[in-house]
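Trainee: First residue of the sequence shown? That's 113 in the numbering used here, and the numbers climb one at a time after it.
Just so it is clear, CB atoms sit at the ideal spot from N, CA and C, and this is done for glycine as well.
First, the structure itself, so that you have it in front of you.
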Amino acid sequence: MITLVQRVAAARVVVDGDVVGAIECGLLLFVGVEQGDGEADADLTARKVAGLRAFPGRTPTDLAVGDAGGGCLVVSQFTLAAELRHGNRPDFTAAAPPALADALYRRVAEQLAAAGLPVAMGRFGASMRVEAHNDGPFSVVLTVRGGKVVPRPDPA
């Protein structure tokens, strides 16, 4: 599971001219579910996001989203599973089938809500317009596989 997390002053999702999800201060999550992902990956993703110190307090990254009074806008984005090694056209074969992706994306949102955070969602499978007022900007990529956070590759 690959999640792009952005700190936002506000964000919303519009589908067919209607706002289907919106938050003020908080975190915008683009969640990409890959083949082989499971509930443990969704649960760990939610725990890491809920505890992510992305908001200023005594230091620039001192507070978690709940401590800052923010919420989460969770948007499914299968394109995060794209492979770009060969040619110029993205290959999406690593993306999970829609039924699994929908269930795990919803589980991330449910676990965030269970942690006491206000949660809004996009609409799975819809053509969405995502509007975000990035704060910082502050963006991080969280990759979870097999119920564990995958470390970033060593740049050396």
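#1: Could you give the DSSP three-state label for L229: helix, strand or coil?
#2: Going by beta-carbon coordinates alone, are A158 and Q223 separated by less than 8 angstroms?
#3: On the DSSP bridge list, what partners appear for V120?
#4: Hey, would you say M233 sits closer than 8 angstroms to V127, going by beta carbons?
#5: My assumption, with CB atoms under 8 angstroms, is that E151 sits in contact with A206. Please give the rounded CB distance.
#6: Tell me the rounded alpha-carbon separation between R257 and E136.
#7: Count the other CB atoms, across all protein chains shown, that sit within 10 Å of the CB of V253; report buried if there are 16 or more and exposed otherwise.
#8: Between which two residues does the beta strand (DSSP E) carrying V186 extend?
#9: So, helix, strand or coil for T205, using DSSP?
Mentor: Let me lay it out:
#1: coil
#2: yes
#3: G138, N246
#4: no
#5: Going by Cβ atoms, the distance from E151 to A206 rounds to 19 angstroms, so no, they are not a contact pair.
#6: 30 angstroms
#7: exposed
#8: 183-188
#9: coil
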